[in-house]
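Only one structure is covered here, and it is reproduced in the block below.
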Amino acid sequence: MLDKKPSHNEYPESGYEKMIVGVMTAQLHIQGITSLKEKRSIIKSVIGRLKSRFNVSVAEVEHQDNKTRAVVAIAMVCNETRFINQQFDTIINFMQKDGRFYLGQIERETFNS
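Printed below as a string of structure tokens:
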């Protein structure tokens, strides 16, 4: 017999933590490359490093066929908005130190459940 998972209403008010989803998009401007193959290699490397270092979900979401631009989306789930914002700040600093591209516009948003 399967155990019944408690519904949201069955959690005591004081013990229930909200789920917060954070989403950030970052524009990357890549210079000095001559092919989409080079760009994809850089983006694949960046995505892999972000996933392994920060335990976030990452995907290239725009400009897949443009060899000098990319937009990556980064998402994470937590129970504290403050932690999400700290992680996003750390991710931005990490990406700014990567000499293969320049960061352009960055947008971030959090959603509460």
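Residue numbers for the sequence shown follow our numbering, so the first one is 267 and each next one is one higher. C-beta: ideal position from N, C-alpha, C; glycine also.
Asp364 to Ile299 span [Cα, whole Å]: Here residue 364 is taken as the residue at index 98 of the sequence shown, counted from 1. Here residue 299 is taken as the residue at index 33 of the sequence shown, counted from 1. Rounded to the nearest angstrom, the two C-alpha atoms are 15 Å apart.
Buried versus exposed call for Ala325 [16 or more other C-beta atoms within 10 Å across all chains shown]: For the purposes of this step, residue 325 is identified with residue 59 of the sequence shown, where counting begins at 1. The residue is exposed, with fewer than 16 neighbouring Cβ atoms inside 10 Å.
Helix, strand or coil at Phe354 [DSSP, three-state]: Residue mapping note: residue 354 aligns to position 88 of the sequence shown, counting from 1. In this structure, Phe354 counts as helix in the three-state DSSP scheme.
Whole-number beta carbon distance between Ile309 and Ala339, since they are thought to touch under 8 Å: By 1-based counting over the sequence shown, the position of residue 339 is 73. By 1-based counting over the sequence shown, the position of residue 309 is 43. Contact doesn't hold; Cβ gap of about 12 Å is too wide.
Cutoff 7 Å; reference Gln353; Cβ partners in own chain excluding five residues on either side: The residue you call residue 353 lines up with position 87 of the sequence shown. Excluding sequence neighbours, Gln353 sits near Phe320, Met342.
Length at least 4, wholly inside the region 280 to 354: the alpha helix (DSSP H) runs in chain order: Restricting attention to alpha helix (DSSP H) runs no shorter than 4 residues, the region 280 to 354 encloses them at 302 to 320, ordered along the chain.
Chain-order list of residues whose beta-carbon lies under 6 Å from that of Ile313 (same chain, five-residue window excluded): Taking the sequence shown and counting its residues from 1, the one referred to as residue 313 is at position 47. Cβ contact annotation for Ile313 (same chain, cutoff 6 Å, sequence separation greater than five): Val324, in chain order.
Straight-line gap, Asp331 to Lys303 (C-alpha atoms, nearest Å): Position 65 of the sequence shown, counted from the start, is the residue given in the question as residue 331. Position 37 of the sequence shown, counted from the start, is the residue given in the question as residue 303. Their Cα atoms are separated by approximately 10 Å.
Given His329 as reference, the closest of Ile357, Ser311, Lys305, Lys317 once Cα atoms are compared: As a working note, residue 329 is residue 63 in the sequence shown. In terms of Cα proximity to His329, the closest of Ile357, Ser311, Lys305, Lys317 is Lys305.
DSSP-derived helix/strand/coil call for Phe360: Taking the first residue of the sequence shown as 1, we reach residue 360 at position 94. If DSSP states are grouped into helix, strand and coil, Phe360 belongs with the helices.
Cβ-based neighbour list, Ile350, same chain, cut-off 7 Å, excluding 5 preceding and 5 following: Here the question's residue 350 lines up with position 84 in the sequence shown. Contacts found: Ile286, Gly288, Met342, Cys344, Thr376.
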